[in-house]
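Participant: Take a look at the following structure, please.
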Amino acid sequence: MSASHSRRSTELDSASILVSFSPQLTQAFADLAAAVHFSQDFDRDIFGIVKDWGQGKTKSLRNVLIALPSIADETVKHIHATGDERAKEAWKEIQLEMAEERGFSLNSRRAGFSSPG
Numbered sequence: 000m001s002a003s004h005s006r007r008s009t010e011l012d013s014a015s016i017l018v019s020f021s022p023q024l025t026q027a028f029a030d031l032a033a034a035v036h037f038s039q040d041f042d043r044d045i046f047g048i049v050k051d052w053g054q055g056k057t058k059s060l061r062n063v064l065i066a067l068p069s070i071a072d073e074t075v076k077h078i079h080a081t082g083d084e085r086a087k088e089a090w091k092e093i094q095l096e097m098a099e100e101r102g103f104s105l106n107s108r109r110a111g112f113s114s115p116g
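See below:
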């Protein structure tokens, strides 16, 4: 088998892998969304992502990898600007739940999923 064929057969497209958050992680994102809902120190586009994740919306691995650093940046910026303890606790919970063994799972779109991520 050629090296290029072997590589193609093992490469995964991050847009075709769906991420499912545990109920606890989903709730932590919902808590963060509630904490920053009216904040002028939190980007509205990023807020939309946090809100969607807190509602359990489908997301691709690609979108999670791209959005998570921006969510972290906006959350830290918001906490520093406002001293918001609710946002601080929600972010801490997100970090803890993300690290849990069952904090999230990955699924292939081919396994019956067809929602955009």
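Just so you know, we're using numbering that gives the first Met the number 0 here: the sequence shown kicks off at 0 and counts up by one. Positions of the beta carbon are idealized from the N, C-alpha and C atoms, including for glycine.
#1: Where Ala27 and Gly102 are concerned, what is the direct C-alpha to C-alpha distance, given to the nearest angstrom?
#2: Helix, strand or coil: how does DSSP classify Phe37 here?
#3: What separation, rounded to the nearest whole angstrom, lies between the Cα atoms of Leu64 and Glu99?
#4: The alpha helix (DSSP H) spanning Leu64 covers which residue range?
#5: If you pair each beta-carbon of the region 42 to 52 with each one of the region 19 to 34, do three or more pairs fall below 8 Å?
#6: Whole-angstrom Cβ separation of Ser15 and Ser107, contact assumed at under 8 Å?
#7: What separation, rounded to the nearest whole angstrom, lies between the Cα atoms of Ser59 and Asp12?
#8: First and last residue of the beta strand (DSSP E) that includes Leu95?
Facilitator: For this structure:
#1: Here residue 27 refers to the residue found at position 28 when the sequence shown is read from its first residue. Here residue 102 refers to the residue found at position 103 when the sequence shown is read from its first residue. Going by the C-alpha atoms only, they are around 11 Å apart.
#2: Working through the sequence shown from its first residue, we reach residue 37 at position 38. In this structure, Phe37 counts as coil in the three-state DSSP scheme.
#3: To locate residue 64, count along the sequence shown from 1; it is residue 65. To locate residue 99, count along the sequence shown from 1; it is residue 100. Between Leu64 and Glu99, the C-alpha separation is close to 17 Å.
#4: Within the sequence shown, numbered from 1, the residue matching residue 64 stands at position 65. Its alpha helix (DSSP H) spans residues Leu60 to Thr81.
#5: The region 42 to 52 and the region 19 to 34 touch, with no fewer than 3 CB-CB distances between them shorter than 8 Å.
#6: For the purposes of this step, residue 15 is taken as residue 16 along the sequence shown, with counting starting at 1. For the purposes of this step, residue 107 is taken as residue 108 along the sequence shown, with counting starting at 1. The distance from the Cβ of Ser15 to that of Ser107 is about 7 Å, consistent with a contact at the 8 Å cut-off.
#7: Residue 59 sits at position 60 when you count from the first residue of the sequence shown. Residue 12 sits at position 13 when you count from the first residue of the sequence shown. Cα to Cα, Ser59 sits roughly 10 Å from Asp12.
#8: Counting from one through the sequence shown, the residue named residue 95 turns up at place 96. Leu95 -> not in any beta strand (DSSP E); alpha helix (DSSP H) instead, spanning Glu84 to Ala98.
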